[in-house]
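Trainee: Here you go, one structure.
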Amino acid sequence: MATVEAELAQRFYSAFAARDWQAMLACYHPEVVFDDPAFGRLEGKRAGAMWRMLVEGASQLEVRHRLVSAADGRALVHWEARYPFSGSGRPVHNRIVAQLEYRDGLIVRHHDDFDLWAWSRMALGLPGVLLGWTPWMRQRIRAMALQKLERFIAKHPESG
């Protein structure tokens, strides 16, 4: 699967595994749109700031990926991350499906999908087990993630 799409997806996730946020961002188009269940929709520099924040804040991050398909301006990647959640120290093993779209040889759309309830059970423990499936908890997780991102951007204004 030696396509331009495959090479760029491999470069992005290899950089992620190496915690090289600058190499990750070099794979993104300036008009990139990222979305996932935790952060929602992030555009341009805010998407890049999120990756920088996650990589710089990860004490024990392990990332693995498997390219499923890549052609015609799109790629599908299954990836997983293992890390202690910064808010609780609890171990997380998150399994994610990424859909990437390309423009001008760069990633212009990045959609990550994962089970937020499963994540909340690992990261938050009992509150995640009991409430992780509720809209209230999902909104709270997103609000906390975005608040953390805003604080990071305030400390690193060049990122956002």
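For what it's worth, UniProt numbering labels the leading residue of the sequence shown as 1, then goes sequentially.
We treat Cβ as the ideally placed atom computed from N, Cα and C, and that holds for glycine.
All values derive from a computational prediction rather than experimental measurement.
Which of helix, strand or coil does DSSP assign to residue 161?
Mentor: Past the edges of the chain, shown from 1 to 160, lies residue 161, and the structure says nothing about it.
Trainee: What's the call for methionine 50, buried or exposed, on a 16-neighbour Cβ count within 10 Å?
Mentor: By the 10 Å Cβ count, methionine 50 comes out buried.
Trainee: In whole angstroms, give me the CA-to-CA distance for methionine 24 and arginine 11.
Mentor: 8 Å
Trainee: Quickly, what does DSSP pair serine 69 with across the bridge? List them, please.
Mentor: Leu76
Trainee: Assign arginine 121 to buried or exposed, taking buried as 16 or more other Cβ atoms, counted over all protein chains shown, within 10 Å of its Cβ.
Mentor: When all chains shown are included, arginine 121 counts as buried.
Trainee: To the nearest angstrom, how far is the alpha carbon of glutamine 147 from that of leucine 76?
Mentor: Going by the C-alpha atoms only, they are around 29 Å apart.
Trainee: Alpha helix (DSSP H) containing alanine 58: first to last residue?
Mentor: Neither: alanine 58 is in no alpha helix (DSSP H) and is coded neither H nor E.
Trainee: Under DSSP, the alpha helix (DSSP H) around arginine 138 begins and ends at which residues?
Mentor: 135-155
Trainee: Going by other Cβ atoms of all chains shown within 10 Å of its Cβ, with 16 needed for buried, is histidine 65 buried or exposed?
Mentor: So histidine 65 ends up on the buried side.
Trainee: Candidates Val55, Glu5, Trp119 and Tyr28: which alpha carbon is nearest tryptophan 21's?
Mentor: Nearest C-alpha to tryptophan 21: Val55.
Trainee: From which residue to which residue does the beta strand (DSSP E) around arginine 103 run?
Mentor: 91-103
Trainee: State whether the region 76-90 contacts the region 124-144, with contact taken as three or more CB pairs (one from each stretch) at a distance under 8 Å.
Mentor: yes
Trainee: Taking the alpha-carbon of alanine 91 as reference, which of Ser69, Arg19 and Tyr83 has the nearest alpha-carbon?
Mentor: The identity of residue 91 in the sequence shown is proline, whereas the question assumes alanine. Minimum Cα distance to proline 91 is reached at Tyr83.
Trainee: What residue range does the alpha helix (DSSP H) around arginine 11 cover?
Mentor: 4-17
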